[in-house]
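So my numbering is basically just the index in the sequence shown, starting at one, shifted up by 3. C-beta atoms are modelled at their ideal positions from N, C-alpha and C, and glycine is treated no differently. Contents: one structure, followed by commentary.
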Amino acid sequence: MMRDNSALKTPVRYFKGVGPKRGELLSKLGIETAEDILYYLPLRYEDRSNLTAIKDLRAGEHQTVEGEVITCSSRIAKSGMRFFQVAVTDGTGFVHATWFNQPYLKDYFKKGQRVILYGKIELHDKLQITQPEYEIVESEDTDSIHIGRIVPIYSAADGLAQRYLRGLADTAVAKYSKFLVERLPTYILAREKLVDSRFAVRNIHFPTTFENLEKAYRRIVFEEFFVLQLALAMKKRGAKRDEKGLGHNVSGELIDSFRKSLPFELTDGQKKAMADISRDMSSTKPMNRLLEGDVGSGKTVVAAYGLVLTVQNGFQGVIMAPTEVLARQHFIGLSELLMPLGINISLLIGGMKQEQKREAAEEIRSGKVDIVVGTHSVIQESVQFKKMGLAVVDEQHKFGVTQRAILKEKGYNPHILVMTATPIPRTLALTVYGDLDVSIIRELPKGRKPIQTYWVEEARRDEAYDFVKEEIGKGRQAYIVCPSIDGQIQNPKSKIQNKFQFANSNSKAGSAEGIFNDLKSGVFADYKIGMLHGRMPSSEKEKVMKDFKNRKIDVLVSTVVIEVGIDVPNATVMMIENAERFGLAQLHQLRGRVGRGEHESFCILLANPKTEGAAKRIGAIEDTLDGFQIAEEDLNIRGPGEFFGTRQHGLPEIKFGNILKDFAIMERARHEAFDLVRRDPDLSEEHHRLLKETLAERFKGKICES
Ligand code: ADP
Ligand code: MG
């Protein structure tokens, strides 16, 4: 077998027909070498082995026809638009193709030529195809790559015809596919019933049957996912092997009294998560665990359990939350729960006075404080722990990978627990957090009533307000959430963009300040109404939250600062202004602020969606309460990149596969990868050597840092 695969790196400009101009166009498509062509996968395929006869064309469908050009004509409309039209026949009927503003086509098509057209068939007074894809059939094409078979269609660029790309692919396959090496060990090919890499590459471009095409695709995607999972498996193993963790004693008086002091019975999911944490924290390897659970599933108490464990063992614990409001709430909640047990808790957030912060930092350094609750302030350089045993990151998806890493560095191989209320579909969890162990809380605490969700149009706003008043009459409270503070779109990261949006928006519709002022002097004049947004001074925020919690406020008008974590069980109405402006996951999070107590709760979505997508989102929220399902839907609508700002969350780029559709392949790949690393942890066996090289090349040292 040829070992030398440097031929694969042959630059495309050595290919026939690739001059400087086309070379540049190819380079824009990411094609530089023979290998790049081989892995430039077709977008779709056309079955030209079995073309549709013109008489059998069906309006509304995308179909391919082949026939002879019988007329060509151009005309210019009054508007200046240029039309070019050809009529084509295959002996069974006629079809007319029209293109706009492509005058050069008149030099391309000639009467008597054979052509292939692909597009959506329309039937007006005659059969038509508008702006079809087209290809001239050369006389020598019988038995060629362009016709009479399943033909690949590539994502092209202007100036690169399908025929041309297909020709390149054909040359690459014929001359270079033989240099492809097989990275996957034979036993995996056999076990997973995968075709070899050469067969796969040949058939992904020029499949002999659709069945072979499927085999080829499955093989290529498997390898992509497998390499990724292998990297994750190595990373996970590296973290486990290299670090000596703090083996905690998980039984003791403190943890017993904690359990006894809980005001409710734990759900099965919570018990299971606590058992997972006990197991991890008693091990001499550091815990690295993700706790996933829908909004309101009770993750905080699970974190508290871990924190108490570490305190019992003479270490300090820290919990980091993404907003001050949430950090304060945790501080209050944990104080109530843990102070009676003699545990010292301290708050550390940016909004505190300099003096207070210094004091807190000093107490953390001296070890006087057992548990620190804070925002990203806790990862500042000035903050040093005496002995950190457990770091908890709440609402992990709001933080970047680096912040988690810095927090971890504050201790010596501390245990790590990250929590997220954005239920990550399993599909994504496997790719993004593949190096973490995962505990999932599936159920909500007993006795919760499902939240009733209603989509209300602007015209019925007053009815919605009446409903809020009714609930207040029963002693309940309400949130009214607005997309912005004062008409500007909230996004602290892009101040410049804000300015533009401000300049463009002439209304204060949907602004918290505007609505607060209107309601205060109008509809809710006789009620206690408060406002909360991120730009208020810290002390004011604190006061408002406290007042809301203590029922001194009936209606809280707020921005999305209350999106994460806020827990006021007596609040039963969540009214969302301009709901169409929020994303799916965000709407679900907001809704999760109610339905936390024994009372029936409601979510009112005020929305006049202008696009189909927006209407779909609102409908999806109305239809389901299951956060996992919503996340899956969100992922479908937005795609993985946007769902989780790709870079920030370290989601690797996936080129070939689709992590939603090809989930079954991902699972197999994961299974095999983790199995392999278990058996050959250093990939030192000969048949794993190429995989090891591939990892080294692709992940350049990223595997062993964690
Ligand atoms: P999340 O998972 O969204 O962070 P929280 O930890 O804020 O949820 O818990 C939501 C609410 O449920 C809190 O008021 C908490 O005290 C309460 N809670 C947690 N666990 C239980 C339980 N097992 N039974 C009843 N209430 C619970
Ligand atoms: Mg929470």
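> For L578, which of V98, T562, A588 has the nearest alpha-carbon?
Replying inline: To locate residue 578, count along the sequence shown from 1; it is residue 575. The amino acid at residue 578 is misidentified as Leu; the sequence shows Met. Measuring from the Cα of M578, the nearest candidate turns out to be T562.
> Where K196 and V421 are concerned, what is the direct C-alpha to C-alpha distance, given to the nearest angstrom?
Replying inline: Within the sequence shown, numbered from 1, the residue matching residue 196 stands at position 193. Within the sequence shown, numbered from 1, the residue matching residue 421 stands at position 418. Distance between the alpha carbons of K196 and V421 is about 37 Å.
>> Against chain C, does E603 count as a neighbour if the rule is that its beta carbon must be under 8 Å from one of theirs?
In response: In the structure shown, chain C does not exist; there is a single protein chain.
> What does a CB cutoff of less than 6 Å around S9 pick up in its chain, not counting 5 residues either side in sequence?
Replying inline: In the sequence shown, residue 9 corresponds to position 6, counting from 1. Excluding its 5 nearest sequence neighbours in each direction, S9 has no C-beta neighbour in its own chain below 6 Å.
> Based on the DSSP output, what are the partners of I1 in its beta bridges?
Replying inline: Residue 1 is absent from the structure shown; the chain starts at 4 and stops at 709.
>> Check for me: the beta strand (DSSP E) holding I621 runs from which residue to which?
In response: In the sequence shown, residue 621 corresponds to position 618, counting from 1. Unbroken run through I621 is the alpha helix (DSSP H), 615 to 626; no beta strand (DSSP E).
>> Beta-carbon within less than 6 Å of K531's beta-carbon, same chain only, minus the 5 sequence neighbours each way: which residues are those?
In response: For this step, residue 531 is matched to residue 528 along the sequence shown. Within the same chain, K531 has close Cβ partners I556, D557.
> Any chance the region 685 to 700 sits against the region 59 to 70, with 3 or more Cβ pairs inside 8 Å?
Replying inline: no
>> At the level of alpha carbons, what is the spacing between G622 and A164?
In response: For the purposes of this step, residue 622 is taken as residue 619 along the sequence shown, with counting starting at 1. For the purposes of this step, residue 164 is taken as residue 161 along the sequence shown, with counting starting at 1. C-alpha separation (whole angstroms): 42 Å.
> Hey, I454 and F605 are a contact pair by Cβ (cut 8 Å); roughly how many whole angstroms apart?
Replying inline: As a first step, residue 454 must be located in the sequence shown, where it is residue number 451. As a first step, residue 605 must be located in the sequence shown, where it is residue number 602. Between F605 and I454 the Cβ distance is about 7 Å, and since that is below 8 Å, they are a contact.
>> Using DSSP's beta-bridge definition, name the partner residues of Q66.
In response: For this step, residue 66 is matched to residue 63 along the sequence shown. Beta bridge pairing from DSSP links Q66 with G122.
>> Within a Cβ cutoff of 7 Å, which residues of the same chain sit near R152, ignoring the five residues on either side of it in sequence?
In response: By 1-based counting over the sequence shown, the position of residue 152 is 149. In chain order, R51, S52 place their CB closer than 7 Å to the CB of R152, counting only its own chain and leaving out the 5 sequence neighbours on each side.
> Using the beta-carbon count (16 or more within 10 Å), is E636 buried or exposed?
Replying inline: Taking the first residue of the sequence shown as 1, we reach residue 636 at position 633. Per the 10 Å Cβ criterion, buried.
> Cβ of K218 within 8 Å of Cβ of R201?
Replying inline: As a working note, residue 218 is residue 215 in the sequence shown. As a working note, residue 201 is residue 198 in the sequence shown. No, Cβ-Cβ distance for K218 and R201 is not below 8 Å.
> Does DSSP classify A506 as helix, strand or coil?
Replying inline: Numbered from 1 along the sequence shown, position 503 holds the residue referred to as residue 506. Caution applies to A506, whose pLDDT of 32 falls short of 50 and renders its modelled position unreliable; the model cannot decide the point.
> If we call anything under 8 Å between Cβ atoms a contact, is E125 one with T133?
Replying inline: Position 122 of the sequence shown, counted from the start, is the residue given in the question as residue 125. Position 130 of the sequence shown, counted from the start, is the residue given in the question as residue 133. Cβ atoms of E125 and T133: closer than 8 Å.
> By DSSP, does H652 sit in helix, in strand, or in coil?
Replying inline: For the purposes of this step, residue 652 is identified with residue 649 of the sequence shown, where counting begins at 1. Only weak support is given to the placement of H652: the predicted model assigns it a pLDDT of 49, under 50, and the value that follows is read from those uncertain coordinates. Three-state DSSP puts H652 in coil, outside helix and strand.
>> Output needed for I258: all residues of its chain with C-beta closer than 8 Å, excluding positions within five of it in sequence on either side, in chain order.
In response: For this step, residue 258 is matched to residue 255 along the sequence shown. Cβ within range, chain order: Y308, V311, L312, Q315.
> If you draw a straight line from the C-alpha of M278 to the C-alpha of E696, how long is it?
Replying inline: Mapped onto the sequence shown, residue 278 falls at position 275. Mapped onto the sequence shown, residue 696 falls at position 693. Sequence inspection shows Ala at residue 278; the Met mentioned does not correspond to that position. Roughly 39 Å separates the two Cα atoms.
> Relative to the alpha-carbon of R596, which residue among G299, R331, I346, A177 has its alpha-carbon at the smallest distance?
Replying inline: For the purposes of this step, residue 596 is taken as the residue at position 593 of the sequence shown. Selected option, being the one with the closest Cα: G299.
> So G296 packs on I444, CB below 8 Å; how close in whole Å?
Replying inline: One-based indexing of the sequence shown puts residue 296 at position 293. One-based indexing of the sequence shown puts residue 444 at position 441. Going by Cβ atoms, the distance from G296 to I444 rounds to 3 Å, so yes, they are a contact pair.
> Which residue from P343, V459, Q592 puts its Cα closest to that of N611?
Replying inline: For the purposes of this step, residue 611 is taken as residue 608 along the sequence shown, with counting starting at 1. For N611, the nearest C-alpha among the options comes from V459.
> Does the ligand ADP have even one heavy atom less than 7 Å from the beta-carbon of G250?
Replying inline: Taking the sequence shown and counting its residues from 1, one reaches residue 250 at position 247. Outside the cutoff, so no.
> Tell me the DSSP bridge mates of G533?
Replying inline: On the sequence shown, residue 533 is found 530 positions in, with the first residue counted as 1. Its beta-bridge partners are L559.
> What three-state label does DSSP hand L350 in the structure shown?
Replying inline: Position 347 of the sequence shown, counting from 1, holds the residue named residue 350. Strand at L350.
> The alpha helix (DSSP H) spanning F702 covers which residue range?
Replying inline: Counting from 1 along the sequence shown, the entry for residue 702 is found at position 699. F702 -> alpha helix (DSSP H) spans 692 to 702.
> Is any heavy atom of the ligand ADP found at a distance shorter than 7 Å from the C-beta of Q273?
Replying inline: Taking the first residue of the sequence shown as 1, we reach residue 273 at position 270. Within the cutoff, so yes.
> Closest by CA to A330, which one among R368, V381, Y17?
Replying inline: Residue 330 sits at position 327 when you count from the first residue of the sequence shown. Out of R368, V381, Y17, V381 has the C-alpha closest to the C-alpha of A330.
>> According to DSSP, simplified to helix, strand and coil, what is R16?
In response: Mapped onto the sequence shown, residue 16 falls at position 13. Note: R16 maps to helix in three-state DSSP.
> Which whole-angstrom value describes the C-beta separation of G250 and G320, a residue pair presumed to lie in contact below a C-beta threshold of 8 Å?
Replying inline: In the sequence shown, the residue the question calls residue 250 occupies position 247. In the sequence shown, the residue the question calls residue 320 occupies position 317. Not really, about 16 Å apart at Cβ, beyond 8 Å.
>> Mapping the DSSP letters down to three states, classify H149 as helix, strand or coil.
In response: Mapped onto the sequence shown, residue 149 falls at position 146. It is coil, neither helix nor strand.
>> Suppose only complete runs of 3+ residues qualify. What are the beta strand (DSSP E) ranges in the region 20 to 107, listed by chain order?
In response: 47 to 50, 65 to 79, 85 to 92, 97 to 103
> Where A90 and K114 are concerned, what is the direct C-alpha to C-alpha distance, given to the nearest angstrom?
Replying inline: Mapped onto the sequence shown, residue 90 falls at position 87. Mapped onto the sequence shown, residue 114 falls at position 111. For A90 and K114, the gap between their C-alpha atoms comes out near 9 Å.
>> Please list the terminal residues of the continuous alpha helix (DSSP H) segment that includes F261.
In response: Position 258 of the sequence shown, counted from the start, is the residue given in the question as residue 261. Segment 256 to 264, the alpha helix (DSSP H) holding F261.
>> If you measure between the beta carbons of G370 and L351, is that distance less than 8 Å?
In response: Residue 370 sits at position 367 when you count from the first residue of the sequence shown. Residue 351 sits at position 348 when you count from the first residue of the sequence shown. Not in contact: G370 and L351 (Cβ atoms no closer than 8 Å).
> Which term fits H127, buried or exposed, when burial requires 16 or more other beta carbons within 10 angstroms of its beta carbon?
Replying inline: In the sequence shown, the residue the question calls residue 127 occupies position 124. Under this definition H127 is an exposed residue.
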